[in-house]
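To keep things clear, I will list the structure first and then write my remarks on it.
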Amino acid sequence: MRCRPGLRVVLVVALGAAAWSVTSGATPTFYDDDPIQVEPITQDASGAARYEPDLIYQTLEGLFDGRPVSDERARDVNTVDEVPDGPFYVNRAGHLPLTPALVARGANTSDGPAPGAWSVVSAKSDGITLGFTIRDAAGVLWFIKFDPPGWRGMATGTEVVAAKLFWAVGYHTVEYHIGRLRASDLTIASGATITPAGEAERAMVPDDVGRLLARADRDADGTYRVILSRAAPGRPVGRIRFAGTRADDPNDVVPHEHRRELRGYRVFAAWLNHVDAKGINSLAALVTEGGRTFIRRYLLDFGSALGSAATGPREGWEGSEPLVEDRGDILRRTLGFGFVIPAWRTARWYESPAVGRLPRSHDDWRPEDWQPHIMNAAFRHLRADDAFWAAEKLTYVTDDIIAAAVAAGEFGNPAAEAELARTIRERRDRILQTWLPAIDPIGRPALTAGGLTFDNAAVRAGVAPAPPGYRARWSRFDNATGAASPIGETTGAAAPLAVPDLSGLEFVQVEISAVDPAVAAWARPVVVHFRRRGGQWQWVGLVRLP
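Here this note's numbering is used: the first residue of the sequence shown is 569, the next is one more, and so on.
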């Protein structure tokens, strides 16, 4: 990686430069360390200051954002069109051998709070969900949330399931544990505060604990089922922004609307119907690891996902319509005099206190039409290659992994757990069917003595038939100028494809496409580059959509 102190644009150039791009004669297309696998952290971010976004401003910005959406390729991808590991994202699906046991554990590094009394540091009473911030007997900070009365397991279990699955596909999450609580387990710490609705912050008193617990679901034995999330390592310095960069983070040089993992978050949020995917439900934390101080971004608070709306079951419109309808929808319904009936109104639902409200079928669900409560800039910039990237990650989330994540929610209702697992599987499958075939799905290319091999993600996932054949157009590639000179074409019914004489070449470009595909988009080739190193060909470049 070519990084020099103070040169803030280097990361954009190194990560976002497409292999397809023609560079100046003085700047090579590929460097010796391409493709980079880890986003470089070269600057000290210890001066970052904490800020809390204004929720009202954030909501209005999302609802009325009139800024144009460009068709610009994501800038943080490496030369093989992947997102490197970094402060926003870590490659797990497709890189780690994901197992049900691994996903069931997820981000957890402990078995939960230390035994003993829990000391309440503060309480949350002014939002839609109640909770406590506590320190356990070992002094570790935890956040406690509850199920709403009559919906035992719904909010707490859903949050665990979603956290496990977001971890599996690569996002930073914190530890989540299901636990039991008695009112007698709680003591009020010296200096503990509370801000009741409509009141100023004040010291917390024992009656406050009782009033809050009265709003939570309680079992017959007087205990409460709770979810405990461990405080993220490091010092909190704010939330994830979905546009622009942080001025106080010298490593944050790619505008967030052009980060693929934040664009692709829209696909994963659609998968789990995480309609509350906004900045307030995230965390930016200043951490020091390996002698470097940098800001890591976490996703948090998944209680409003799948069949749960945190305080009750999911409403039918959530995920199908935004919090505020756009002018086009209002006009259509007005002109229709009420006869324009949205599909969700006629849908059939499964309902259970354990998991909330879930659709009975997803046969007609269109992932591309999914709507969070509030759209953000990164979600608006989602392109077909970003959606393909996210969908391809889901091919590694197997039915067994989904079952393990659901079991981690400890809902205590086998029938409801089966319905929840079905919902997650069906939504995954609809995403694969929608976005894997939408562009040329060639990947994992390799050039060996046996020929040119590659993978077709859509065929591998069983969402598209194999084409009659594949075509490879070969070119000499000048790494200094970016110029490509054709040298031949090979075809075949399947990989491996034959290779022309590549003697004396250091770089070669291959455009791989389907022959007479049933899916028209597959005729547009994926552009792949290889570099000869030590007598072997190394894959160094891939572009799906320039």
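We treat Cβ as the ideally placed atom computed from N, Cα and C, and that holds for glycine.
It should be emphasised that the depicted structure is a prediction, and the values quoted were computed from it without experimental measurement.
Under three-state DSSP, which class holds residue i?
i            : result
residue 734  : helix
residue 1001 : helix
residue 994  : helix
residue 600  : coil
residue 914  : helix
residue 638  : coil
residue 1090 : helix
residue 1112 : coil
residue 930  : coil
residue 653  : strand
residue 920  : strand
residue 666  : coil
residue 645  : coil
residue 606  : strand
residue 661  : strand
residue 883  : coil
residue 889  : strand
residue 1099 : strand
residue 1028 : helix
residue 673  : helix
Less than 8 angstroms between the beta carbons of residue i and residue j, yes or no?
i            : j            : result
residue 854  : residue 848  : no
residue 795  : residue 713  : yes
residue 674  : residue 735  : yes
residue 831  : residue 954  : yes
residue 956  : residue 1009 : yes
residue 878  : residue 871  : yes
residue 940  : residue 843  : yes
residue 1097 : residue 1087 : no
residue 989  : residue 969  : no
residue 851  : residue 833  : no
residue 812  : residue 824  : yes
residue 688  : residue 757  : yes
residue 690  : residue 597  : no
residue 737  : residue 661  : yes
residue 1057 : residue 1040 : yes
residue 645  : residue 651  : yes
residue 721  : residue 704  : no
residue 1019 : residue 1052 : no
residue 731  : residue 724  : no
Excluding the five sequence neighbours on either side, which residues of its own chain have a C-beta within less than 6 angstroms of the C-beta of residue i, listed in chain order?
i            : result
residue 619  : 806
residue 1054 : 1043
residue 984  : 920, 922, 923
residue 672  : 972, 976
residue 1100 : 1074
residue 1021 : 1014, 1063, 1064
residue 917  : 925
residue 974  : 729, 985, 988, 989
Would residue i be called buried (16 or more neighbouring beta carbons within 10 Å of its own) or exposed?
i            : result
residue 677  : exposed
residue 1095 : buried
residue 875  : buried
residue 1120 : This structure leaves residue 1120 out entirely; the chain is present only between 569 and 1114.
residue 927  : buried
residue 829  : buried
residue 605  : exposed
residue 933  : buried
residue 699  : buried
residue 1128 : Examination of residue 1128 is not possible in this model, given that the chain is present from 569 through 1114 alone.
residue 611  : buried
residue 1104 : exposed
residue 614  : exposed
residue 859  : exposed
residue 589  : Its pLDDT being 39, under 50, residue 589 is placed unreliably in this model, and the coordinates cannot settle the point.
Using a Cβ-Cβ cutoff of less than 7 angstroms, which residues in the same chain neighbour residue i once the five nearest sequence positions on both sides are dropped?
i            : result
residue 1091 : 1081, 1082, 1085
residue 938  : 838, 887
residue 1070 : 1076
residue 936  : 1002
residue 1025 : 960, 963, 1004, 1009, 1011
residue 1112 : 649, 953, 956, 1007, 1008, 1094
residue 728  : 744, 746, 795, 976, 977
Are there any heavy atoms of the ligand NAP lying less than 7 angstroms away from the beta-carbon of residue i, as far as the coordinates show?
i           : result
residue 815 : In the structure shown, the ligand NAP is absent, as is every other ligand, since no ligand is present at all.
Closer than 8 angstroms by C-beta to residue i: which residues in its own chain qualify, once you throw out the five before and the five after it? Chain order, please.
i            : result
residue 750  : 790, 791, 792
residue 903  : Any reading at residue 903 is ruled out, since the residue's pLDDT is 49, under 50, leaving its predicted position unreliable.
residue 1027 : 1009, 1033, 1034
Which complete beta strand (DSSP E) runs does the region 676-725 hold, if anything under 3 residues is left out?
686-692, 699-703, 709-714
Can you check the region 1035-1095 for any alpha helix (DSSP H) of at least 4 residues that lies completely inside it and give the ranges in chain order?
none
Whole runs of the beta strand (DSSP E) within the region 779-822, excluding any shorter than 3 residues
792-798
What are the start and end residues of each continuous beta strand (DSSP E) run of 3 or more residues lying completely inside the region 827-876, in chain order?
850-857, 860-867
I'd like the ranges of any alpha helix (DSSP H) spanning at least 4 consecutive residues and lying wholly in the region 939-1022.
945-948, 952-962, 967-976, 982-1003
Taking only runs of the beta strand (DSSP E) that begin and end inside the region 726-776, which ones reach a length of at least 3 residues, in chain order?
744-749, 754-762
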